[in-house]
Amino acid sequence: MATLEISNLSKHFGRFQALHDISLTIADGEFLILLGPTGAGKTTTLRCVAGLEKHEGTIHMDGRAINSLTPAERDVAFVFQSYALYPRKTVMQNMAFPLEARQWDKARIENRVREIARLLAIDGLLNRRPAELSGGQQQRVALGRAMVRQPHLFLMDEPLTNLDFVLRVEMRAELKRLQSELATTFFYVTNDQVEAMSMADRIAVLNEGVLQQVDTPENVYDHPANLFVAGFVGSPRMNFLDCRYDEGARVLAGDTWHVPLQAEQLDQLRGQVNGGGLVFGIRPEDVDLNPAAPDNGWLPAQVYVTEPLGDRTIVDMQLGDTSVKVKADPEFAASSGDTLHVRFDARRFHLFDKATGEAVL
Ligand code: ATP
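So for the sequence shown, numbering that gives the first Met the number 0 puts the first residue at 0; every next one is plus one.
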């Protein structure tokens, strides 16, 4: 178990700055997921922690500065996207390898490998070679090889990327269970927001080498700190509509719509909005859809296309010049061009400063 404290971490590759002043603390036994699009700097961050890259800033593990330690001295286990198993060795030999390198005696190695293999449910596969295993089994062997020596900290770089969808979902649940069973600190990197939402204790969102928000999955989803986080987390992504604050009428107004503001929202907005542009954000599940307009506040909009997904239907609506995605029931049916009515949930929208991207509500 280990705490990890990253302070003012910056990384340059020549003139290109890949990481900008990242500070992040990971608690003992925490499952922290670094989430961001491709090129965000996730692997570079992990490589700095592992001791594989020179960098600016300090990294402490359990309160001790580790900047000057070699990768081996850091006692971290790195699990990569590619499993990199030895093809000619059996599962037992693959998993035993890190312990042989540490000169453990044979009986102790065998006990330890069997113990971890049981935990990962691969104890029936110990005599097979990697080519005789499924992708998910290979992934578990790679994890097992990292786990046998009880590292203080696991660094995992998109370890589930190469698995098919079904296996990935299965491994997500297994990894989460494993992490809580081992009570070991996990620092895990992915560009898959579902993976992050479903497994992490906290998510750190990274974009272009800049940390955007560090928070619980619930808060990242319900209270995104800025436009980037709001747009990156959630599928389909949040709808964004330009709007302005009409203080006299106490509404947020777009080109063809307006949303009334509650007293506490007005209080929060006071002093925050200086006449600049705003972006109204509303998630597809927070837009209601109705063929008629039962009361005030419903806006006529045209169906552009429907996407039936089995458990729900995504409806693309055209509202004035803007398209708005709505999450509807699976049995929802409409044809392109139909006029329906939409209503934004007046308690579940988000508001961002258009110039800075920061959340203002
Ligand atoms: P992905 O999800 O695609 O793996 P990532 O978030 O892990 O992306 P990094 O691999 O950390 O991103 O790369 C961050 C940035 O640094 C990218 O723009 C990349 O091109 C650049 N970069 C990474 N390694 C090097 C290197 N050795 N030399 C120059 N630039 C590099």
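Think of the CB as a built atom: it goes at the ideal place given N, C-alpha and C, for glycine as much as any other residue.
Please classify Arg117 as buried or exposed, where buried requires at least 16 other C-beta atoms within 10 Å of its C-beta. Translated into positions along the sequence shown, residue 117 becomes position 118. Exposed: under 16 other Cβ atoms inside 10 Å.
Quick check on the burial criterion: 16 or more other C-beta atoms within 10 angstroms. Buried or exposed for Glu72? Taking the first residue of the sequence shown as 1, we reach residue 72 at position 73. Looking at its Cβ environment, which holds fewer than 16 other Cβ atoms inside 10 Å, Glu72 is exposed.
Span separating the alpha-carbon of Gly208 from that of Arg347: Mapped onto the sequence shown, residue 208 falls at position 209. Mapped onto the sequence shown, residue 347 falls at position 348. Cα to Cα, Gly208 sits roughly 30 Å from Arg347.
Phe164 classed as buried or exposed, judged by whether at least 16 other C-beta atoms fall within 10 angstroms: Looking up residue 164 in the sequence shown gives position 165. Exposed.
With a CB to CB cut of under 8 Å and the five nearest residues on each side skipped, what residues in its chain are close to Leu162? If you number the sequence shown from 1, residue 162 lands on position 163. Cβ within range, chain order: Gly134, Gly135, Gln138 and Met170.
Determine the contact status of Met146 and Tyr187, defining contact as a CB-CB distance below 8 Å. For the purposes of this step, residue 146 is taken as the residue at position 147 of the sequence shown. For the purposes of this step, residue 187 is taken as the residue at position 188 of the sequence shown. The answer is no: Cβ separation not under 8 Å.
Who sits around the ligand ATP, taking every residue whose Cβ is closer than 5 Å to one of its heavy atoms? Phe12, Ala17, Thr37, Gly38, Ala39, Gly40, Lys41, Thr42, Thr43 and Asn190
Neighbourhood of Ser197 by C-beta, 7 Å cutoff - its chain only, sequence neighbours within 5 removed: To locate residue 197, count along the sequence shown from 1; it is residue 198. Around Ser197: Arg171.
N- and C-terminal bounds of the beta strand (DSSP E) containing Ala252: Within the sequence shown, residue 252 is the residue found at index 253, counting from 1. First-last of the beta strand (DSSP E) with Ala252: Val250 to Ala252.
Kindly indicate which three-state DSSP category Thr57 falls into: helix, strand or coil? Mapped onto the sequence shown, residue 57 falls at position 58. Here Thr57 sits in strand by DSSP.
Helix, strand or coil for Leu260, going by three-state DSSP, please let me know. Translated into positions along the sequence shown, residue 260 becomes position 261. It is coil, neither helix nor strand.
So what does DSSP say about Ser335, is it helix, strand or coil? Locating residue 335 in the sequence shown gives position 336, where the first residue counts as 1. DSSP places Ser335 in coil when its eight states are reduced to three.
Restricting to Cα atoms, I'd like to know which of Arg342, Thr355, Gln271 and Gly28 is closest to Leu152. The residue you call residue 152 lines up with position 153 of the sequence shown. Leu152 has its Cα closest to that of Gly28, out of Arg342, Thr355, Gln271 and Gly28.
Stretch pair the segment 225-234 + the segment 350-360: three plus CB contacts closer than 8 Å: yes
Is the separation between the beta-carbon of Leu3 and that of Ile25 shorter than 8 Å? As a working mapping, residue 3 is identified with position 4 in the sequence shown. As a working mapping, residue 25 is identified with position 26 in the sequence shown. Yes.
Buried versus exposed call for Gly253 [16 or more other C-beta atoms within 10 Å across all chains shown]: Position 254 of the sequence shown, counting from 1, holds the residue named residue 253. It counts as buried.
Where Asp266 sits in the DSSP three-state scheme: Your numbering for residue 266 matches position 267 in the sequence shown. Three-state result, Asp266: helix.
Within 10 angstroms of the Cβ of Thr312, are there 16 or more other Cβ atoms? Answer buried if so, exposed if not. If you number the sequence shown from 1, residue 312 lands on position 313. Looking at its Cβ environment, which holds 16 or more other Cβ atoms inside 10 Å, Thr312 is buried.
Taking its Cβ as the centre, do 16 or more other Cβ atoms sit within 10 Å of Gln102, making it buried, or is it exposed? Against the sequence shown, residue 102 aligns to sequence position 103. Looking at its Cβ environment, which holds fewer than 16 other Cβ atoms inside 10 Å, Gln102 is exposed.
Just to check my reading of the structure: Val286 and Val341 have Cβ atoms closer than 8 Å, yes? What is that Cβ distance to the nearest angstrom? On the sequence shown, residue 286 is found 287 positions in, with the first residue counted as 1. On the sequence shown, residue 341 is found 342 positions in, with the first residue counted as 1. Indeed they touch by this definition, with Cβ atoms about 5 Å apart.
Could you check what DSSP says for Asn289 in three-state terms: helix, strand or coil? One-based indexing of the sequence shown puts residue 289 at position 290. In the structure shown, Asn289 sits in a strand (DSSP, three-state: E or B).
Apply the 10 Å Cβ neighbour rule to Glu194 and answer buried if 16 or more other Cβ atoms are within range, or exposed otherwise. By 1-based counting over the sequence shown, the position of residue 194 is 195. Glu194 comes out buried.
With distances taken from CA atoms, which of Val75, Asn93 and Asp74 is nearest Ala83? Taking the first residue of the sequence shown as position 1, residue 83 is located at position 84. It is Asn93.
Any idea which residues DSSP pairs Asn126 with across the strands? As a first step, residue 126 is located in the sequence shown; it is residue number 127 there, counting from the start. In DSSP, Asn126 forms no bridge with anything.
Who does Asn206 pair with in a DSSP beta bridge? By 1-based counting over the sequence shown, the position of residue 206 is 207. In the DSSP output, where bridge partners are listed per residue, Asn206 has Val209.
Mind pulling the beta strand (DSSP E) runs of 3 or more residues that sit fully within the segment 164-192? 184-189
In this structure, does DSSP put Asp156 in helix, strand or coil? As a position in the sequence shown, residue 156 is number 157, starting the count at 1. Reduced to three states, the DSSP call for Asp156 is strand.
Just curious, the beta strand (DSSP E) that Tyr370 is in, first and last residue? Absent from the structure is residue 370, since the part of the chain shown begins at 0 and ends at 360.
Can you list, in chain order, the residues of its chain whose CB lies under 7 Å from that of Asp315, leaving out five sequence neighbours each side? Mapped onto the sequence shown, residue 315 falls at position 316. These residues qualify, in order along the chain: Tyr303, Val304, Ser322 and Lys324.
Can you look up Ala120 in the DSSP assignment and give me helix, strand or coil? Along the sequence shown, read from residue 1 onward, the residue named residue 120 stands at position 121. Looking at Ala120 - three-state DSSP - the assignment turns out to be coil, as it is neither helix nor strand.
For Ile25, which residues does DSSP report across the bridge? The residue labelled residue 25 in the question sits at position 26 within the sequence shown. In DSSP, Ile25 forms a bridge with Leu3.
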